[in-house]
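Top line first, the protein sequences correspond to chains R and F.
Take -18 as the starting number for the first sequence in the working numbering and just add one per residue.
Take 4 as the starting number for the second sequence in the working numbering and just add one per residue.
Here's the structure we're looking at; comments come further down.
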Amino acid sequence: MKRQATHVLLIEDNPGDADLVRLRLVEGEQSVRLSCVSRLEEGLAVLSNETPSLVLLDLNLPDCHGAETYRRLIEHSPNTPVVVLSGLNDEVLAVKAVHHGVQDYLVKGNFTSEHLGHAIQFAVERQALLRSLELAQKKQLEFKDQFLSHVSHELRTPLTCIHQYVTLLLDGLAGRLAPDQVDHLKTVLKSVNQLHAMIRDLLEATRAESGKMAIDPRCVTIGDLVRQTVAMMRPAADEKKIALKIELDGNLPLVHADPDRVLEVLINLVDNAIKFTPQEGTVTVKGCRVEADPGYVYISVTDTGRGVSVEAKTLIFQRMYQDPDSVDDHRSGLGLGLFISKEIVGLHQGRIWVSSEAGLGSTFTFTLPTYSLAKLLGPVVIYQDRLRPAFVLVSVQLTPLAKIQTGSWKETRRQCLETLRLCVHFDKDLVLPPVEAAGTTNTFFIVASTDLNESGVMTTRIREQLERVLDLKAKCRLTIVTTQINLPSTGTEQNLQQHVQAMADQVTGMILTTTEQDKFGSGRRPPISN
Amino acid sequence: MPNPKILVVDDDPALVRAMRLRLRANNYEVTTATDGYSAIASAQKERPALIVLDLGLPAGDGFVVLNRLQNSDNLCDVPIIVLSARDPQMNEQRALQAGAAAFFQKPADNEELLSAIRLTLSLGQGQQPAWPS
């Protein structure tokens, strides 16, 4: 046996049981340093300062009982192996504990010094193996990410060259071509575009897997995105004589989503629908609300293709899934589109699913959360079951002094938003998501839990920070306006949600007035290029 | 009025040739460089109206070129459009922060790139503020 000083922390309130453990360790001639505490909180305090090799844990402590004990311990120190000491010889409880990450479960009075020695040694070894396995997995994922990023970069270089020369020829920049030659080159270009899409999907899918996919949600009109998608996909539909229709409910609420990412999902679904629908078929994109699920907008893409089989329904959103019955012509991608779509929708806290009857087409539906100011405000404005005493709406307006290029304006906006988030109290003030569509926003709003007199501290901080970070004087004019938000007279628990809703409505009204003024109020608004 | 001059910087000579053809067809005068060092030298000598810059370059990475140009008194006004095969998630923000006017990932849509060039050049004229501050 390898003898190496092991530091064991025993958390046990019964002095008799603690003595027994000490005795067993001495008997086993273990080279163990044992420290003993009698409460879970003391144990956690030790673990905050030291890293013992292992914790022996009683489940019946003065300040914590049962499964909660190891749950809290593991949550506090996930890398320290835990062996439970219990008075109960309960196999179900023991298995549950092991499932939760406990390394072993010993019944008090039922173990010899040899048992205890092995339990400690093996628990330490197992935990170390587990850790190295986790690390290796993480490394592998990182390697895969880097590898694909590298490969994608390397593949793009020759692809760009092919793309350039094919389009040069097609655009007639290298002389006139015969109609046949044009057709052949169009085929090449189509394949180049497919290859391009595959490279992009490969990187996206890896990114989704390693949790590096990010979304930038804002307040979005879903109808605009649907119309944009349909306009983009119209040529492909026309080519197959497929009718591409839009059906949007009137008064669809705004959604809280990343417009670029949602566009990706929509394009993917419509593209698939067109691919799998025979000539003269119909593809319909719908947007509606469902009464039973008022917090979401439902967007669906219905086709008149041959439908999705029952087996495929469960597999279709998995990585690299290809329908085994599909005609070769349809297999133009890597089977990553729906996987990526599912990940994007998931990041928005939405759902995606397919319903289909064989031969009668299929409907892919996904949901996106509505943009609800009340939902965002709730956690910020309510404190200890009451509304905080006072609120103001701070509007921070950036007006470019000269024409600004889209790229640098986008960057200015991003930095501004980031700076504002650093200037507020994260638990009682809220920087609202940008309200307008990308490209034109120049007013940011903050709902702050403070009164008008005291808001000066915040606005000064915002002004100083923005001027420092953005070097504003040269680029923009900065206007900060603070307006009081009127509160309902009392905030009792029953109508608290109504009050938050009323506040949200009030804030929305104030925001709309300000942004309308931005748009139409001043004739001096400089152009922002798109 | 002479055609605006564009400096195309890319280490792939074949791509540079294709870009030259396309830009000339769109009434631009084109000058080229295939590494970071000659990109800076060429920018000094030729005084282009705009630079299309790749990021992965021998003898001075694209970011080095970007910073050198931005920090140079007489070249900091020349707008730069980055055209790179690199991942925008890692590089777009960095390029824009370093002063690029726009970022395009390769392969870029020809029309989109050309309209960005047109727009950037049109913005470059008339540098005075839209109104007195």
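C-beta: ideal position from N, C-alpha, C; glycine also.
None of the values given here were measured: they were computed from a predicted structure.
Tell me, please, whether the CB atom of proline 110 of chain F is closer than 9 Å to any CB atom in chain R?
yes
Buried or exposed, going by whether 16 or more other CB atoms sit within 10 Å of the CB of glutamate 128 of chain R?
In the sequence as displayed, the identity of residue 128 of chain R is phenylalanine instead of glutamate. Phenylalanine 128 of chain R comes out exposed.
Chain F residues whose Cβ lies nearer than 7 Å to that of threonine 141 of chain R
Leu18, Ala88, Lys109 and Pro110
Name the DSSP bridge partner or partners of isoleucine 268 of chain R?
This sequence places glycine at residue 268 of chain R; isoleucine is not what is there. Note: glycine 268 of chain R sits in a beta bridge opposite R/Leu229 and R/Ile280.
Here's a check: name, in chain order, each residue in its chain whose Cβ is nearer than 6 Å to the Cβ of leucine 78 of chain F, leaving out the five neighbours to either side.
Ala46 and Leu72
For aspartate -2 of chain R versus lysine 119 of chain R, is the C-beta spacing smaller than 9 Å?
no
Name the two residues that bound the continuous beta strand (DSSP E) containing leucine 156 of chain F.
Nothing can be reported for residue 156 of chain F, as the shown portion of chain F is limited to 4 through 136.
Exposed or buried, what is valine 291 of chain R when buried is set at 16 or more other beta-carbons lying within 10 Å of its beta-carbon?
exposed
Aspartate 197 of chain R to threonine 37 of chain F, Cα distance in whole Å?
Approximately 36 Å, taken between the alpha carbons.
Kindly indicate if chain R contains any beta-carbon less than 9 Å away from that of alanine 62 of chain F.
Judged by the 9 Å Cβ criterion, alanine 62 of chain F is not in contact with chain R.
Relative to chain R, which residues along the region 112 to 124 of chain F have a C-beta separation below 8 Å, given in chain order?
Asn113, Leu122 and Thr123
Cβ-based contacts, 9 Å cut-off: residues of the region 126 to 140 of chain R near chain F:
Cβ contacts with chain F come from Ser130, Ser133, His134, Glu135, Leu136, Arg137, Thr138, Pro139 and Leu140.
For proline -4 of chain R, count neighbouring C-beta atoms within 10 Å of its own C-beta (all shown protein chains included) and say buried if the count is 16 or more, exposed if not.
exposed
Specify, as a first and last residue, the run of the alpha helix (DSSP H) that phenylalanine 320 of chain R falls within.
318 to 328
Measuring alpha carbon to alpha carbon, tell me which residue in R/Ala26, R/Glu8, R/Val2 and R/Glu22 is nearest leucine 15 of chain R.
R/Val2
Closer than 6 Å by C-beta to serine 436 of chain R: which residues in its own chain qualify, once you throw out the five before and the five after it? Chain order, please.
Val373 and Thr463
Where the region 16 to 44 of chain F meets chain R: residues whose CB sits under 8 Å from a CB there:
Ala17, Leu18, Ala21, Met22, Leu24, Arg25 and Ala28
Counting contacts by CB-CB distance shorter than 9 Å, is arginine 402 of chain R in contact with chain F?
Residue contact with chain F for arginine 402 of chain R: absent (no Cβ-Cβ distance below 9 Å to any residue of chain F).
Cross-chain neighbours of glutamine 100 of chain F in chain R, by beta carbon under 8 Å:
Glu392
At the 9 Å Cβ level, is alanine 539 of chain R part of the contact set with chain F, yes or no?
Any answer about residue 539 of chain R is impossible in this case: the structure gives chain R only from -18 up to 511.
Extent of the continuous alpha helix (DSSP H) to which leucine 6 of chain R belongs:
-4 to 8
Give the secondary structure of arginine 137 of chain R by DSSP, where H, G and I count as helix, E and B as strand, and everything else as coil.
In this structure, arginine 137 of chain R counts as helix in the three-state DSSP scheme.
Taking the Cβ atom as the reference point for each residue, do cysteine 397 of chain R and phenylalanine 425 of chain R lie within a distance shorter than 9 Å?
yes
For chain F, is any of its Cβ atoms less than 9 Å away from the one on glycine 420 of chain R?
With a pLDDT of only 44 at glycine 420 of chain R, under the threshold of 50, the placement of this residue in the model should not be trusted; the figure read from the coordinates follows. It does not: the Cβ of glycine 420 of chain R has no partner Cβ on chain F nearer than 9 Å.
Taking the alpha carbon of glycine 59 of chain F as the reference point, which residue from F/Arg50, F/Leu69, F/Leu53 and F/Ala52 has its own alpha carbon closest?
F/Leu69
Short of 8 Å in beta carbon distance, which residues of its chain neighbour proline 16 of chain F, apart from the five on each side in sequence? Order them along the chain.
Thr37
In this structure, how does DSSP classify glycine 502 of chain R when only helix, strand and coil are distinguished?
Bear in mind that the predicted position of glycine 502 of chain R carries a pLDDT of just 43, short of 50, making it too unreliable to give a figure here.
Below 9 Å on C-beta distance, what does glutamine 73 of chain F contact in chain R?
None at all; the shortest Cβ gap to chain R is about 12 Å.
Determine the burial state of glycine 331 of chain R: buried for a count of at least 16 other Cβ atoms within 10 Å of its Cβ, exposed for fewer.
buried
What span of residues does the alpha helix (DSSP H) with threonine 50 of chain R cover, start to end?
Where threonine 50 of chain R is concerned, the enclosing alpha helix (DSSP H) starts and stops at 48 to 57.
When you compare the CB of methionine 4 of chain F with every CB in chain R, is at least one pair closer than 9 Å?
no
Which residues share a DSSP beta bridge with leucine 87 of chain F?
In the sequence as presented, leucine is not what sits at residue 87 of chain F; that position holds serine. Beta-bridge partners of serine 87 of chain F (DSSP): F/Gln108.
Is the CB of glutamine 303 of chain R under 9 Å away from at least one CB in chain F?
no
Extract the residue ranges of the beta strand (DSSP E) inside the region 7 to 93 of chain F, only unbroken runs of 3 or more that lie entirely within it.
8 to 12, 32 to 36, 53 to 56 and 83 to 87
Buried or exposed: which applies to glutamate 115 of chain F, given that a residue is buried once 16 or more other Cβ atoms fall within 10 Å of its Cβ?
exposed
Should glutamate 547 of chain R go down as buried or exposed, given a rule of 16 or more other Cβ atoms within 10 Å for buried?
Since the first residue shown for chain R is -18 and the last is 511, residue 547 of chain R is missing from the structure and cannot be characterised.
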